[in-house]
Amino acid sequence: MGRLHTEELDIAYGDKLIVDHLTIDLPEGKITALVGANGSGKSTILRTMARLMRPKGGSVLLDGRSIHKQPTRQVAKQLAILPQNPIAPGGVTVRELISYGRYPHQKGMQLSEIDRQAIQWAIRATGLDSFADRAVDSLSGGQRQRAWIAMAIAQETDWLFLDEPTTFLDMTYQLDILKLIRRLNRQEQRSVVMVVHDLNHAIRFADHMIVIKSGKVICEGAPRNVVTEQVLEQAFGVKSDIFIDQRTQLPLCVPYDTVNELM
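Quick note: the sequence shown uses UniProt numbering, first residue 1, plus one each step.
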């Protein structure tokens, strides 16, 4: 498994600098959650680290080599990305969607036996056996998201990047997806980096948390050490009570007011 980190990363939209000289080191073999308020830059950072965006300056390094200077196929053998709200081509089946994850490994247009085994493993790992030949657009939101995750893990990469994988899902599907991600991390040793909107979910499922504000890291570490009333006020602009969840023994955040009133 290769080390992944950024060095003095600058990211801009046009002339507007969003991220300025960002240096972070992602822990291998862990689940890392990027958290922050809307517009903090967390998704932009994730997309750049996953090579979907090109930085204005600095580098994203995988095993000491810039991912933006490597061939796409080579990077895709090491790093998979599931962006926000992906859309499948109309009529494509779950099995066909998952097969797209084998592109970096394919020789020619035909799937090899190794490819077919990887696809079948991804179907089983995500609990999609009974849905494999159904059209993706006929599935529920949670089933559809599992299909996209199956496509990503069929790439058989060490690193898996997920941009808000539970957005727009109901509570049952949110927990199912997050438990699946944790299982893939624990059992398959996939390093996971994900943007998480729900802070309590990030606390529960992540090993490492990076808190972003205005494109900068304001703190990082184990969630139980990072999440404080002061950090929530600084990063999210909310006043919160923090309790210890008796079931998990982890912090549980309950916001009760905003720092600034809306005009």
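Glycine included, every Cβ here is placed at the ideal spot set by N, Cα and C.
Residue j beta carbon less than 9 Å from that of residue i
i	j	result
residue 281	ALA135	In the structure displayed, the chain extends from 1 to 263; residue 281 sits before or after that span and is not available.
GLN84	SER112	no
residue 264	ALA33	Outside the shown range of the chain, which is 1 to 263, sits residue 264, and nothing can be said about it.
ASN185	GLY29	yes
LEU160	LEU61	no
LYS179	PHE205	yes
GLY3	GLY101	According to the sequence shown, residue 3 is Arg rather than Gly. No, the pair does not count as a contact, with Cβ atoms beyond the cut-off.
VAL35	VAL193	no
HIS105	ALA125	no
ALA154	ALA132	no
ASP137	ALA76	no
ASP241	GLU229	yes
Exposed unless 16 or more other CB atoms sit within 10 angstroms - verdict on residue i
i	result
SER40	buried
SER99	buried
GLU156	buried
SER130	exposed
SER191	buried
ASP163	buried
PRO165	buried
PRO223	buried
ILE114	exposed
THR258	exposed
THR248	exposed
MET53	buried
MET209	buried
ILE177	buried
Boundaries of the alpha helix (DSSP H) in which residue i is found, first to last residue
i	result
THR44	42-49
ASP10	Element bounds for ASP10: not the alpha helix (DSSP H) but the beta strand (DSSP E), 4-13.
GLU188	171-188
ASP115	113-125
THR72	72-76
LEU191	Here residue 191 turns out to be Ser, not Leu, going by the sequence shown. Here SER191 belongs to no alpha helix (DSSP H); instead the beta strand (DSSP E) covers 191-195.
First and last residue of the uninterrupted beta strand (DSSP E) at residue i
i	result
GLY58	57-62
residue 288	A query on residue 288 cannot be resolved here, the shown segment of the chain reaching from 1 to 263 and no further.
VAL211	208-213
PHE243	238-244
ASP20	16-22
ILE218	216-221
ILE81	79-82
ALA37	That residue, ALA37, is in no beta strand (DSSP E); it is neither H nor E in DSSP.
Is the region 128-144 in contact with the region 173-181, if contact means three or more CB pairs nearer than 8 Å?
yes
For the region 57-65 against the region 232-241, do three or more pairs of beta-carbon atoms, one drawn from each stretch, fall closer than 8 Å, so that the two count as touching?
no
Please determine if the region 147-157 and the region 91-111 are in contact, where contact requires at least 3 C-beta pairs separated by less than 8 Å.
By the Cβ test, the region 147-157 is in contact with the region 91-111, since at least three Cβ pairs between them sit closer than 8 Å.
Is it a yes or a no for the region 12-28 touching the region 214-234, going by three-plus beta-carbon pairs under 8 Å?
yes
May I ask you to verify whether the region 67-85 touches the region 11-21, counting CB pairs closer than 8 Å and requiring at least 3?
By the criterion of at least three beta-carbon pairs nearer than 8 Å, the region 67-85 is not in contact with the region 11-21.
Could you say if the region 190-205 and the region 246-261 meet the contact criterion of at least three C-beta pairs nearer than 8 Å?
yes
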